[in-house]
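Residue numbers (the numbering used here), protein chains in the order written: chain A, 2 to 418; chain B, 2 to 418.
Cβ coordinates follow ideal geometry from the N, Cα and C atoms, glycine included.
One structure below.
Number of protein chains: 2
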Amino acid sequence: MNQTFVYASIITIGDELLIGQVIDTNSAWMATELNKAGIWVRRRVAIGDAREEIIHALNEERNIADIILITGGLGPTADDITKPVLCEYFGGKLVVDEGALQNVQQIFARFNRPMLATNLKQAEVPDTCTVIDNKRGTAPGMWFEKEGKIYVSMPGVPHEMKGMMTDYVIPRLSGYYKMPFIVSRTLLTAGIGESFLSELIKNFEKDLPSSLKLAYLPNYGMVRLRLTGIGDKKEEIETTLQQQFGLLKTLVAEYLVTDQDDAMHIVVSKLLKQQHKTLCTAESCTGGYIAHLLTAEPGASQFFTGSVVCYSNKIKEEVLGVSRQTLETTGAVSEETVRQMVKGALALLKADYAVAVSGIMGPDGGSADKPVGLVWVAIGNIEKTITQQFNFRFDRGRNIELTSNNALNLLRKFIIS
Amino acid sequence: MNQTFVYASIITIGDELLIGQVIDTNSAWMATELNKAGIWVRRRVAIGDAREEIIHALNEERNIADIILITGGLGPTADDITKPVLCEYFGGKLVVDEGALQNVQQIFARFNRPMLATNLKQAEVPDTCTVIDNKRGTAPGMWFEKEGKIYVSMPGVPHEMKGMMTDYVIPRLSGYYKMPFIVSRTLLTAGIGESFLSELIKNFEKDLPSSLKLAYLPNYGMVRLRLTGIGDKKEEIETTLQQQFGLLKTLVAEYLVTDQDDAMHIVVSKLLKQQHKTLCTAESCTGGYIAHLLTAEPGASQFFTGSVVCYSNKIKEEVLGVSRQTLETTGAVSEETVRQMVKGALALLKADYAVAVSGIMGPDGGSADKPVGLVWVAIGNIEKTITQQFNFRFDRGRNIELTSNNALNLLRKFIIS
Numbered sequence: 002m003n004q005t006f007v008y009a010s011i012i013t014i015g016d017e018l019l020i021g022q023v024i025d026t027n028s029a030w031m032a033t034e035l036n037k038a039g040i041w042v043r044r045r046v047a048i049g050d051a052r053e054e055i056i057h058a059l060n061e062e063r064n065i066a067d068i069i070l071i072t073g074g075l076g077p078t079a080d081d082i083t084k085p086v087l088c089e090y091f092g093g094k095l096v097v098d099e100g101a102l103q104n105v106q107q108i109f110a111r112f113n114r115p116m117l118a119t120n121l122k123q124a125e126v127p128d129t130c131t132v133i134d135n136k137r138g139t140a141p142g143m144w145f146e147k148e149g150k151i152y153v154s155m156p157g158v159p160h161e162m163k164g165m166m167t168d169y170v171i172p173r174l175s176g177y178y179k180m181p182f183i184v185s186r187t188l189l190t191a192g193i194g195e196s197f198l199s200e201l202i203k204n205f206e207k208d209l210p211s212s213l214k215l216a217y218l219p220n221y222g223m224v225r226l227r228l229t230g231i232g233d234k235k236e237e238i239e240t241t242l243q244q245q246f247g248l249l250k251t252l253v254a255e256y257l258v259t260d261q262d263d264a265m266h267i268v269v270s271k272l273l274k275q276q277h278k279t280l281c282t283a284e285s286c287t288g289g290y291i292a293h294l295l296t297a298e299p300g301a302s303q304f305f306t307g308s309v310v311c312y313s314n315k316i317k318e319e320v321l322g323v324s325r326q327t328l329e330t331t332g333a334v335s336e337e338t339v340r341q342m343v344k345g346a347l348a349l350l351k352a353d354y355a356v357a358v359s360g361i362m363g364p365d366g367g368s369a370d371k372p373v374g375l376v377w378v379a380i381g382n383i384e385k386t387i388t389q390q391f392n393f394r395f396d397r398g399r400n401i402e403l404t405s406n407n408a409l410n411l412l413r414k415f416i417i418s
Numbered sequence: 002m003n004q005t006f007v008y009a010s011i012i013t014i015g016d017e018l019l020i021g022q023v024i025d026t027n028s029a030w031m032a033t034e035l036n037k038a039g040i041w042v043r044r045r046v047a048i049g050d051a052r053e054e055i056i057h058a059l060n061e062e063r064n065i066a067d068i069i070l071i072t073g074g075l076g077p078t079a080d081d082i083t084k085p086v087l088c089e090y091f092g093g094k095l096v097v098d099e100g101a102l103q104n105v106q107q108i109f110a111r112f113n114r115p116m117l118a119t120n121l122k123q124a125e126v127p128d129t130c131t132v133i134d135n136k137r138g139t140a141p142g143m144w145f146e147k148e149g150k151i152y153v154s155m156p157g158v159p160h161e162m163k164g165m166m167t168d169y170v171i172p173r174l175s176g177y178y179k180m181p182f183i184v185s186r187t188l189l190t191a192g193i194g195e196s197f198l199s200e201l202i203k204n205f206e207k208d209l210p211s212s213l214k215l216a217y218l219p220n221y222g223m224v225r226l227r228l229t230g231i232g233d234k235k236e237e238i239e240t241t242l243q244q245q246f247g248l249l250k251t252l253v254a255e256y257l258v259t260d261q262d263d264a265m266h267i268v269v270s271k272l273l274k275q276q277h278k279t280l281c282t283a284e285s286c287t288g289g290y291i292a293h294l295l296t297a298e299p300g301a302s303q304f305f306t307g308s309v310v311c312y313s314n315k316i317k318e319e320v321l322g323v324s325r326q327t328l329e330t331t332g333a334v335s336e337e338t339v340r341q342m343v344k345g346a347l348a349l350l351k352a353d354y355a356v357a358v359s360g361i362m363g364p365d366g367g368s369a370d371k372p373v374g375l376v377w378v379a380i381g382n383i384e385k386t387i388t389q390q391f392n393f394r395f396d397r398g399r400n401i402e403l404t405s406n407n408a409l410n411l412l413r414k415f416i417i418s
């Protein structure tokens, strides 16, 4: 292992992580930010709110990492024990921090709420730590140093943790070490499976310089390829990465969606903004999910006019103008229905392009004729409408994701064709 | 620590987990299923695709757990090294498994795709394991036993892992141990913060029998309380849990949304189905997210007719009939606009109830008058429309979640009032 690396471990504390009630989204975000700063995440460990587990994890992770980032267990309730355990681990005693106390008082004053003794206890910290201000909540963060290792404890609430990382932790860590230079580039492919992609770039992968690493990230029928370069010489590593990334792009050109680390809906959003075109959707089986993807990012009003989610045939007919005869003869999941949905959406929602989807997402509703996973997608503008049939074979959630991403990919191809 | 427990550790393998490109949803699902079977998850560890890391993690986890569940690193590409490392760890050699080979061949035949040598390698397994069939993909699972510990390796693809867990791993594990009995009940509250809730039930929590454990799970302005009972005597633990859960319900009655482990959109869906009523939505700032939540579960067509996502004022005016004067004088984010959106939605989408939302989700678009986080919600039926203003203070994603959940809670109260 190259010892010029700075390694971090992430410890997440909370019984909710071990009983499956919470999905940990913090660790992925933290890893991304640490990577950007040149810090390599070596392990992530999730443990319960138990003294021995916390101490055991601290002892283990300090053996393999330079920096130990800890989230969770700082709330005001009795099951939150991270703070007293850290106080025991690093020595010292709990004292009220004046800045943290003022912060707690201000937050309660702002919301005009009475304070409880448990809220005041939030302002207590071990006197062996440096306090990290929490601008978004009541629990302060804590920075400890011991035997050459750095330990940072932060709340598990995502936006509080993110604020501390961005404002304090990453900048301070960046000043501490001589970091190696980590840089990566990602591209997105569609229409080719992971193993065929691997075959296609087999020689490229074999000949890859040792300073670069290639990762395959398959997701919903699309595969992202990420090339990461690591080294001490910034210019050298950037040049190598650019050369190899260019080569990789050429090799997968037929399947290339974007050479940026963007999801499909971002690619489509950027394309529409660039071309000053607008989009609307007519969604049956995706139930508004495509509209949600497109509006989840700021600036959607520049290109997105709206959507009709037509979950009943009546709405397809009365709002989007799909003919009753079509619905009765070819059915709601048919090429003709999605064609008419595109027409109706373009007229009603006044956009340059329309996406229409109708399908059977499961687990119920399928038949021999029209099995679960059957989807019709239509894409159109004022001049032309194209259609495509898909057959997915997964659970409802994945089928909705796949339908949305494939519909957006078809739209992308329609726009650039 | 009570030694009648059976402990599991979950090891997830994959560089993508350490560079932040993938959010691990597998572990939460696995933990839930293991808990139901009476197995306690003690730790979850995420590591990279590196031989030493895998061996180190196996050595560590076998010290603290009886069962080590491993996911990931079984794909066909060069970065997937879990199988050879397990072969080294447990001894033996890689051999072709006939069942796994047939499975791979059948999958490729079904999709009418040519096979590559790397796909055939998927059928190789260490001869020291029991093969677990993969009905949903090409990589077989592997079951190892060594020195009284059980190790199970499964693919990281969620639906493949879930299939193996349900069909094979959980049933076989359940036959292995005399499990303690783990049972839990969860309720959902709204309208009270975590610390105030904690104060309200302080004495209850203090007097809780030692066989029960209470967890607070705050999420989007709502707090779930989960009471878990653990013990060897099934009837005793069930009786204690029911008694205490009943007491807890009484204490939080004023804020109780449901005494089931259901998210807000499920509570509302069930209520509408029970009452044989239908719902539609008119969504500006949530961009279809409420419609998506309601249609993410099967059976939504029983109560959901559809939605108009009106991202532009033109759509509000032309499709939902919001008056131009209102949009020009009070603006799109106003009480009057959402009132008119309810009226328009009820007329167009033919439902018993309508939910309308309009707000500023950020990060841009705010003003001194109407800051980011300002949201107006209206709920109505043919007879009556109620409105409520909210002020959220988070990032765009959280604001969309909060708006959706609070709108659904307002609808719930409107329906039962």
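If you ignore the 5 residues before and after Gly381 of chain B, its C-beta comes within less than 6 Å of the C-beta of Val343, Ala355, all in its own chain and listed in chain order.
Within the same chain, Cβ atoms closer than 6 Å to the Cβ of Gly164 of chain A are found at Lys136, Arg137, the five residues on either side in sequence being excluded. As summarised for the region 321-363 of chain A, the continuous alpha helix (DSSP H) elements at least 4 residues long and confined to that stretch are 325-330, 336-350, given in chain order. When C-beta distances to chain A are compared with 9 Å, the residues of the region 46-75 of chain B below that value are Val46, Ala47, Ile48, Gly49, Asp50, Ala51, Glu53, Glu54, His57, Ala58, Glu61, Ile65, in chain order.
If you compare the alpha carbons of A:Gly39, A:Thr78, A:Ala9 with that of Leu59 of chain A, the shortest gap goes to A:Ala9.
With contacts defined by Cβ atoms closer than 8 Å, Leu375 of chain B and Asn392 of chain B form a contacting pair. The shortest C-alpha to C-alpha distance from Asn64 of chain B to any of B:Gln22, B:Phe91, B:Glu148, B:Asn104 is the one to B:Glu148. Contact with chain A is absent for Arg186 of chain B, since none of that chain's Cβ atoms lies less than 8 Å from the residue's Cβ.
Think of a sphere of 7 Å around the beta carbon of Tyr312 of chain B: the chain A residues whose beta carbon falls inside it are Thr296, Ala301, Ser302, Phe305, Thr306, Gly307, in chain order. Rounded to the nearest whole angstrom, the C-alpha separation of Ser405 of chain A and Glu319 of chain B is 27 Å.
Residue pairing by DSSP places Cys281 of chain A opposite A:Gly307, A:Ala355 in a beta bridge. Straight through space, the alpha carbons of Phe109 of chain A and Ile20 of chain B are spaced by roughly 37 Å. In this structure, Ile48 of chain B sits away from Ile68 of chain B, with a CB-CB distance that is not shorter than 8 Å.
Less than 8 Å divides the Cβ of Val309 of chain B from the Cβ of Leu321 of chain B. Bounds of the alpha helix (DSSP H) holding Ile108 of chain A are 99-111. Secondary structure of Asn135 of chain A (DSSP, three-state): coil. Under the Cβ criterion of 8 Å, Tyr290 of chain B is counted among the residues facing chain A. Sequence-distant partners of Met116 of chain B (beyond 5 residues in either direction) whose C-beta falls short of 8 Å from its own C-beta, in its chain, are Val105, Gln106, Phe109.
By the Cβ-count criterion, Gly176 of chain A is exposed, with fewer than 16 other Cβ atoms from all chains shown falling within 10 Å of its own Cβ. Rounded to the nearest angstrom, the gap between the Cα atoms of Gln245 of chain A and Lys179 of chain B is 56 Å. Looking at the DSSP output, Gly381 of chain A shares a beta bridge with A:Ala355, A:Thr386. Boundaries of the beta strand (DSSP E) around Phe145 of chain B: 142-147.
Taking all protein chains shown into account, Gln123 of chain B has 16 or more neighbouring C-beta atoms within 10 Å of its C-beta and is therefore buried. Nearest C-alpha to Leu174 of chain B among B:Lys37, B:Gln390, B:Asn314: B:Lys37. Sequence-distant partners of Thr306 of chain B (beyond 5 residues in either direction) whose C-beta falls short of 8 Å from its own C-beta, in its chain, are Thr279, Leu280, Cys281, Leu350, Lys351, Ala352.
Listed along chain B is no residue with a C-beta nearer than 9 Å to that of Val105 of chain A; the closest approach is about 11 Å. Between Glu200 of chain A and chain B, the shortest Cβ-Cβ separation is below 8 Å. Between Cys286 of chain A and the set A:Cys311, A:Asp50, A:Glu298, the nearest pair of CA atoms involves A:Cys311. Not flagged as an interface residue toward chain B: Lys136 of chain A, since no C-beta distance is shorter than 8 Å. With contacts defined by Cβ atoms closer than 8 Å, Gly192 of chain B and Gly73 of chain B do not form a contacting pair. Contact with chain B is absent for Arg340 of chain A, since none of that chain's Cβ atoms lies less than 8 Å from the residue's Cβ. Segment contact: the region 265-277 of chain B against the region 236-245 of chain B, fewer than three CB-CB distances shorter than 8 Å; contact not assigned.
With respect to chain A, the C-beta atom of Gly398 of chain B has a partner C-beta closer than 8 Å. For Ser196 of chain A, the closest Cβ of chain B is nearer than 8 Å. Proximity to Gln303 of chain A across A:Ala51, A:Val269, A:Pro77, A:Gly345 peaks at A:Val269, based on C-alpha coordinates. A distance below 7 Å between beta-carbons, with the five flanking residues on each side excluded, links Thr129 of chain A to the following residues of its chain, in chain order: Phe91, Gly92, Gly93, Phe145.
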